[in-house]
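Numbering (the numbering used here), first residue to last: 258 to 372.
Quick notes on the structure that follows.
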Amino acid sequence: MESSLNREDIIRMAREAGKSESWLTFTTIWPFIERFAALVAAAERKACAKVCIDVGLVMDCVEAEREACAKVCIDVGTTRGSSDVAFDMADWCAAAIRARGSHFRGVTKMMKDEK
258 MESSLNREDI IRMAREAGKS ESWLTFTTIW PFIERFAALV AAAERKACAK VCIDVGLVMD
318 CVEAEREACA KVCIDVGTTR GSSDVAFDMA DWCAAAIRAR GSHFRGVTKM MKDEK
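In C-alpha coordinates form, the structure reads like this:
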(Lines of atoms letter the chains of each structure in order from A and count residues from 1; the text may use other names and numbers.)
(Lines give C-alpha, C1' and ligand atoms only; values in the text may rest on other atoms or scores of the structure.)
Protein backbone atom coordinates (compact mmCIF):
# COMPACT_ATOMS: atom_id res chain seq x y z
CA MET A 1 0.00 0.00 0.00
CA GLU A 2 1.53 3.27 -1.06
CA SER A 3 1.04 6.51 0.82
CA SER A 4 0.73 9.85 -0.89
CA LEU A 5 2.58 11.26 2.10
CA ASN A 6 6.36 11.46 1.92
CA ARG A 7 8.75 11.41 4.86
CA GLU A 8 8.89 15.21 5.01
CA ASP A 9 5.08 15.39 5.23
CA ILE A 10 5.07 12.87 8.06
CA ILE A 11 7.79 14.74 9.95
CA ARG A 12 5.96 18.06 9.52
CA MET A 13 2.69 16.57 10.80
CA ALA A 14 4.45 14.88 13.72
CA ARG A 15 5.97 18.23 14.70
CA GLU A 16 2.54 19.86 14.40
CA ALA A 17 1.21 17.14 16.71
CA GLY A 18 3.87 18.06 19.29
CA LYS A 19 6.42 15.25 18.80
CA SER A 20 10.04 16.12 19.59
CA GLU A 21 12.97 16.00 17.22
CA SER A 22 14.41 12.97 19.03
CA TRP A 23 11.22 11.00 18.41
CA LEU A 24 11.35 11.90 14.74
CA THR A 25 14.92 10.65 14.32
CA PHE A 26 14.29 7.24 15.88
CA THR A 27 14.88 5.25 12.67
CA THR A 28 13.55 1.85 13.72
CA ILE A 29 10.03 3.26 13.92
CA TRP A 30 10.01 4.63 10.32
CA PRO A 31 8.64 1.49 8.64
CA PHE A 32 5.71 1.51 11.08
CA ILE A 33 5.10 5.24 10.65
CA GLU A 34 5.16 5.00 6.85
CA ARG A 35 2.80 2.01 6.88
CA PHE A 36 0.47 3.78 9.33
CA ALA A 37 0.45 6.93 7.18
CA ALA A 38 -0.43 4.81 4.13
CA LEU A 39 -3.33 3.18 6.01
CA VAL A 40 -4.65 6.55 7.21
CA ALA A 41 -4.42 8.02 3.70
CA ALA A 42 -6.20 4.98 2.20
CA ALA A 43 -8.98 5.18 4.78
CA GLU A 44 -9.47 8.88 4.05
CA ARG A 45 -9.63 8.22 0.28
CA LYS A 46 -12.21 5.49 0.89
CA ALA A 47 -14.33 7.81 3.06
CA CYS A 48 -14.17 10.56 0.42
CA ALA A 49 -15.13 8.10 -2.33
CA LYS A 50 -18.14 6.93 -0.28
CA VAL A 51 -19.37 10.52 0.06
CA CYS A 52 -19.10 10.94 -3.72
CA ILE A 53 -21.02 7.71 -4.33
CA ASP A 54 -23.72 8.71 -1.83
CA VAL A 55 -24.13 12.09 -3.53
CA GLY A 56 -24.42 10.32 -6.88
CA LEU A 57 -27.16 8.03 -5.54
CA VAL A 58 -29.11 11.02 -4.21
CA MET A 59 -28.77 12.74 -7.56
CA ASP A 60 -30.13 9.62 -9.29
CA CYS A 61 -33.18 9.68 -7.00
CA VAL A 62 -33.75 13.38 -7.66
CA GLU A 63 -33.49 12.76 -11.40
CA ALA A 64 -36.02 9.89 -11.21
CA GLU A 65 -38.46 12.06 -9.26
CA ARG A 66 -38.04 14.93 -11.72
CA GLU A 67 -38.76 12.59 -14.64
CA ALA A 68 -41.85 11.22 -12.86
CA CYS A 69 -43.16 14.77 -12.43
CA ALA A 70 -42.53 15.54 -16.11
CA LYS A 71 -44.48 12.42 -17.10
CA VAL A 72 -47.40 13.55 -14.93
CA CYS A 73 -47.51 16.78 -16.94
CA ILE A 74 -47.59 14.86 -20.21
CA ASP A 75 -50.30 12.51 -18.88
CA VAL A 76 -52.42 15.43 -17.70
CA GLY A 77 -52.02 17.16 -21.05
CA THR A 78 -53.11 14.11 -23.00
CA THR A 79 -56.02 13.09 -20.78
CA ARG A 80 -57.46 16.47 -19.78
CA GLY A 81 -57.87 17.95 -23.19
CA SER A 82 -57.56 17.09 -26.77
CA SER A 83 -56.57 20.57 -27.89
CA ASP A 84 -53.14 21.40 -29.17
CA VAL A 85 -52.90 24.17 -26.59
CA ALA A 86 -53.39 21.74 -23.68
CA PHE A 87 -50.81 19.35 -25.09
CA ASP A 88 -48.34 22.16 -25.85
CA MET A 89 -48.68 23.51 -22.30
CA ALA A 90 -48.16 20.04 -20.85
CA ASP A 91 -45.14 19.49 -23.09
CA TRP A 92 -43.71 22.88 -22.11
CA CYS A 93 -44.25 22.08 -18.42
CA ALA A 94 -42.51 18.71 -18.76
CA ALA A 95 -39.59 20.29 -20.63
CA ALA A 96 -39.23 22.96 -17.93
CA ILE A 97 -39.16 20.31 -15.19
CA ARG A 98 -36.55 18.26 -17.04
CA ALA A 99 -34.42 21.35 -17.72
CA ARG A 100 -34.14 22.10 -14.00
CA GLY A 101 -31.82 19.14 -13.62
CA SER A 102 -29.72 19.56 -16.75
CA HIS A 103 -26.76 21.15 -14.96
CA PHE A 104 -26.59 18.21 -12.52
CA ARG A 105 -26.50 15.57 -15.27
CA GLY A 106 -22.93 16.39 -16.24
CA VAL A 107 -21.71 16.09 -12.66
CA THR A 108 -23.58 12.84 -12.07
CA LYS A 109 -22.27 11.35 -15.33
CA MET A 110 -18.72 12.35 -14.47
CA MET A 111 -19.00 10.71 -11.03
CA LYS A 112 -20.37 7.48 -12.54
CA ASP A 113 -17.62 7.40 -15.19
CA GLU A 114 -14.94 7.54 -12.49
CA LYS A 115 -16.26 4.45 -10.64
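Glycine residues also receive a C-beta, built at the ideal position from the N, C-alpha and C atoms.
Sequence-distant residues of its chain with Cβ nearer than 7 angstroms to residue i (five each side left out)
i           : result
residue 262 : 294, 298
residue 334 : 343, 344, 346, 347, 348
Contact under 8 angstroms by Cβ, residue i with residue j
i           : j           : result
residue 320 : residue 358 : yes
residue 326 : residue 354 : yes
Rounded straight-line distance, which links the Cα of residue j to that of residue i
i           : j           : result
residue 307 : residue 316 : 14 angstroms
residue 303 : residue 309 : 10 angstroms
Sequence-distant residues of its chain with Cβ nearer than 6 angstroms to residue i (five each side left out)
i           : result
residue 265 : none
Practice task
Say whether the region 324 to 334 touches the region 343 to 350, bearing in mind that this needs 3 or more beta-carbon pairs closer than 8 angstroms, one atom from each stretch.
Solution key: In short, these stretches touch, since the Cβ pair count reaches three.
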